[in-house]
Amino acid sequence: MKMPMTNSTTPLAWTERYAVGVAEIDVQHRALLDILNELNRTGLRASGTWNAKDALWKIFEELNEYAAYHFLSEEKLMQLHLAADGATARHIAQHRNYWVTISEFKQRYRDGDMRVTDDLISFLNAWWLDHIQGTDMQLGAQLNQKEIR
Ligand SMILES: [Fe+2]
117 MKMPMTNSTT
127 PLAWTERYAV
137 GVAEIDVQHR
147 ALLDILNELN
157 RTGLRASGTW
167 NAKDALWKIF
177 EELNEYAAYH
187 FLSEEKLMQL
197 HLAADGATAR
207 HIAQHRNYWV
217 TISEFKQRYR
227 DGDMRVTDDL
237 ISFLNAWWLD
247 HIQGTDMQLG
257 AQLNQKEIR
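Numbering (the working numbering), first residue to last: 117 to 265.
This is the structure we're talking about:
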């Protein structure tokens with residue numbers, strides 16, 4: 117039975133809803149959502165088959181590179197402007213845990229798991245939207261309090 121591909125068919129267009137209020141972060145989030153959108157479009161072609169997996173994995177590597185750069189940018193902003201408190205530690209832990217999950221997907225890909233592309237795309241869409249609208253939104257508010265915009 118084929119699973120509904122809700123996550124892969126829903127375009128992740130930028131809206132003000134995703135704005136955290138810090139220009140550097142918002143510009144990077146827009147770029148991340150653009151890459152995710154490309155991944156979603158490619159994922160539709162790769163869905164349930166092993167077709168287009170190479171194209172998909174190439175975009176995935178692009179997303180990984182940009183995500184690493186982006187996490188570093190956010191963590192630098194935290195270091196520069198915020199206290200190293202529980203919220204900061206939890207935020208950095210979320211970034212670290214992201215890579216743990218990404219490694220698991222890479223292993224499934226190497227193992228030839230047919231479901232890996234669909235699961236990966238679902239995870240990425242859910243994780244980024246949740247992280248941006250939750251944790252990063254709180255970070256934005258904290259930075260705004262320090263006049264960082
Ligand atoms: Fe973040």
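Backbone N, C-alpha and C define an ideal beta-carbon position, used for all residues, glycine too.
- Around the beta carbon of residue 131, a 10 Å sphere encloses fewer than 16 other beta carbons of the protein chains shown; the residue is thus reported as exposed.
- By alpha-carbon distance to residue 216, the top candidate from 199, 134, 128 and 184 is 184.
- Here DSSP, grouped into helix, strand and coil, assigns residue 158 to helix.
- Closest in C-alpha terms to residue 188, from the list 212, 264 and 169, comes 212.
- For residue 225, the enclosing alpha helix (DSSP H) has its first and last residue at 202-226.
- Between ligand 1 and residue 211, a heavy atom-to-CB distance of less than 7 angstroms is present.
- For residue 207, the shortest C-beta to heavy atom distance toward ligand 1 is below 7 angstroms.
- For residue 217, the shortest C-beta to heavy atom distance toward ligand 1 is 7 angstroms or greater.
- Judged by their CB atoms, residue 240 and residue 152 are nearer to each other than the 8 angstroms cut-off.
- Its Cα nearest to that of residue 264, the residue 141 stands out among 244, 141, 157 and 210.
- These are the residues, in chain order, with a beta carbon less than 5 angstroms from any non-hydrogen atom of ligand 1: 190 and 252.
- DSSP places residue 192 inside the alpha helix (DSSP H), whose first and last residues are 169-197.
- Secondary structure note for residue 237: its alpha helix (DSSP H) is the uninterrupted segment 232-247.
- The region 193-211 makes contact with the region 251-265, as at least three CB pairs between them are under 8 angstroms.
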